[in-house]
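Its first residue numbered 0, the sequence shown is counted upward by one per residue in numbering that gives the first Met the number 0. Note sheet for the following structure.
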Amino acid sequence: MLKNVAGKDFAYNPGKFNKIEQIYEQKIGKFSKADSATSKIFVNNVLAKTKDFNRQRDLYVWQRGLNNAVDELLVKKNLKSPINAFMIGRLNKDIASKTSKSLGIDIQEEGITCDKHCILHIREDRKGEYGQDLRIEEIKKVVSVLNDKNTPVSVDMKNKNIIFWFEDEKDSSKINKVVVDLNYKLKKFGLTNYMITAGKVDRINKDKEKYIKIR
Numbered sequence: 000m001l002k003n004v005a006g007k008d009f010a011y012n013p014g015k016f017n018k019i020e021q022i023y024e025q026k027i028g029k030f031s032k033a034d035s036a037t038s039k040i041f042v043n044n045v046l047a048k049t050k051d052f053n054r055q056r057d058l059y060v061w062q063r064g065l066n067n068a069v070d071e072l073l074v075k076k077n078l079k080s081p082i083n084a085f086m087i088g089r090l091n092k093d094i095a096s097k098t099s100k101s102l103g104i105d106i107q108e109e110g111i112t113c114d115k116h117c118i119l120h121i122r123e124d125r126k127g128e129y130g131q132d133l134r135i136e137e138i139k140k141v142v143s144v145l146n147d148k149n150t151p152v153s154v155d156m157k158n159k160n161i162i163f164w165f166e167d168e169k170d171s172s173k174i175n176k177v178v179v180d181l182n183y184k185l186k187k188f189g190l191t192n193y194m195i196t197a198g199k200v201d202r203i204n205k206d207k208e209k210y211i212k213i214r
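Written out as structure tokens, the structure is:
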């Protein structure tokens, strides 16, 4: 398990380490200009490992933010808990490109964000009235679902958003969805892509809507 390398506010300031990374990569880049083939191989290996570490760090921080919000608001039902906006993922270039072409819009940010409101929106006593509520362990899977290159993704042509799908492991007649609004202006955060809702749908109804599969 990765150690907690993030400060307490890291989830709300996802770019705070970018400058450090830029300086590090610049220094490595200077070393790569050497003629030695060995040095170039070394540099490529270092940069590859750096990118992997950055990804693992991001996933850890995003998961930590989601777990904290779910535990406070849904498990402990501490509705007064001061949960700020936090990142839960990032749109990859392929998904962003295909979505932009399908909807005819320019996606301006790659980050995917959640906050207190979106967690409360999918709580059991609300979504449960319609049989659409996700179990706690399913909600905590959202980070891995959004950032897994194998997760099925559709574009909702009617609502102009994107949907990430994942299986209900206890009920094969259902399928789970995470809906992300694009270019969303989130109060006190700014422009982002926002998890507007998440829940269950009947599998037989999944393809009746105006969805275009992009992955």
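Don't be surprised by glycine CBs; every beta carbon is placed ideally from N, CA and C. For clarity, every value in this text was computed on a predicted model and none was experimentally measured.
### Span of the beta strand (DSSP E), counted from its first residue to its last, around Ala197
Stepping through the sequence shown from its first residue, residue 197 is reached at position 198. From DSSP, the beta strand (DSSP E) with Ala197 extends over Gly189 to Asp201.
### Task
On a CA-only basis, which of Leu119, Arg89 and Leu65 is nearest Phe163? Give me that one, please.
Here residue 163 refers to the residue found at position 164 of the sequence shown. Ranking the options by Cα distance to Phe163, first place goes to Arg89.
### Message
Using only the alpha-carbon positions, how far apart do Asp93 and Asn192 sit?
### Response
For the purposes of this step, residue 93 is taken as residue 94 along the sequence shown, with counting starting at 1. For the purposes of this step, residue 192 is taken as residue 193 along the sequence shown, with counting starting at 1. Rounded to whole angstroms, the gap between the alpha carbons of Asp93 and Asn192 is 16 Å.
### Message
So the candidates are Asp155, Gly189, Leu72 and Leu185; which of them puts its Cα closest to the Cα of Val177?
### Response
Looking up residue 177 in the sequence shown gives position 178. Of all alpha-carbon atoms in Asp155, Gly189, Leu72 and Leu185, the one lying nearest the alpha-carbon of Val177 is that of Asp155.
### Query
Alpha carbon to alpha carbon, how far is Asn77 from His116?
Taking the sequence shown and counting its residues from 1, the one referred to as residue 77 is at position 78. Taking the sequence shown and counting its residues from 1, the one referred to as residue 116 is at position 117. The alpha-carbon atoms of Asn77 and His116 are separated by roughly 13 Å.
### Query
Using the beta-carbon count (16 or more within 10 Å), is Val74 buried or exposed?
Against the sequence shown, residue 74 aligns to sequence position 75. Residue burial annotation: Val74 is exposed, with fewer than 16 other C-beta atoms found within 10 angstroms of its C-beta.
### Query
Would you report the Cα separation of Ser99 and Ile106, rounded to the nearest angstrom?
Position 100 of the sequence shown holds residue 99. Position 107 of the sequence shown holds residue 106. The straight-line gap from Cα to Cα measures roughly 6 Å.
### Query
How big is the Cα-Cα spacing for Val60 and Lys207?
Along the sequence shown, read from residue 1 onward, the residue named residue 60 stands at position 61. Along the sequence shown, read from residue 1 onward, the residue named residue 207 stands at position 208. Within the model, the alpha-carbon separation for Val60 versus Lys207 is close to 36 Å.
### Query
Considering only residues of the same chain and omitting the five flanking positions on each side of Tyr129, which have a CB-CB separation below 7 Å?
Within the sequence shown, residue 129 is the residue found at index 130, counting from 1. Within its own chain, no residue has a Cβ closer than 7 Å to the Cβ of Tyr129 once the five positions on either side in sequence are excluded.
### Message
With H, G and I counted as helix, E and B as strand and the rest as coil, what does DSSP make of Thr150?
### Response
Position 151 of the sequence shown holds residue 150. If DSSP states are grouped into helix, strand and coil, Thr150 belongs with coil.
### Task
Express the C-alpha separation of Lys126 and Val200 in angstroms, rounding to a whole number.
Position 201 of the sequence shown, counting from 1, holds the residue named residue 200. Position 127 of the sequence shown, counting from 1, holds the residue named residue 126. So the alpha carbons of these two residues sit roughly 11 Å apart.
### Message
Whole angstroms are fine: how far does the CA of Gln55 sit from the CA of Val152?
### Response
Position 153 of the sequence shown, counted from the start, is the residue given in the question as residue 152. Position 56 of the sequence shown, counted from the start, is the residue given in the question as residue 55. Computed Cα separation, rounded: 22 Å.
### Task
Can you give me the start and stop residues for the beta strand (DSSP E) that Arg134 sits inside?
Reading the sequence shown from its first residue, position 135 is the one you call residue 134. That residue, Arg134, is in no beta strand (DSSP E); it is neither H nor E in DSSP.
### Residues that DSSP places opposite Ile224 in a beta bridge
With the chain covering 0 to 214 only, the question about residue 224 has no answer from this structure.
#### Entry: Boundaries (first-last residue) of the beta strand (DSSP E) holding Glu208
As a working note, residue 208 is residue 209 in the sequence shown. Where Glu208 is concerned, there is no enclosing beta strand (DSSP E), given that its DSSP letter is neither H nor E.
### Spatial distance of Ile203 from Ser171 (CA atoms)
Within the sequence shown, the letter at position 204 stands for residue 203. Within the sequence shown, the letter at position 172 stands for residue 171. Approximately 11 Å between the Cα atoms of the pair.
### Task
Tell me whether Ile104 is buried or exposed, calling it buried when 16 or more other Cβ atoms sit within 10 Å of its Cβ.
By one-based count along the sequence shown, residue 104 stands at place 105. Exposed is the call here.
### Message
Per DSSP, what are the beta-bridge partners of Asn160 in this structure?
### Response
As a first step, residue 160 must be located in the sequence shown, where it is residue number 161. Beta-bridge pairing links Asn160 to Asp155 and Asp180.
### Query
Leu145 and Ile111: beta carbons closer than 8 Å?
Taking the sequence shown and counting its residues from 1, the one referred to as residue 145 is at position 146. Taking the sequence shown and counting its residues from 1, the one referred to as residue 111 is at position 112. Cβ distance < 8 Å, so Leu145 and Ile111 count as in contact.
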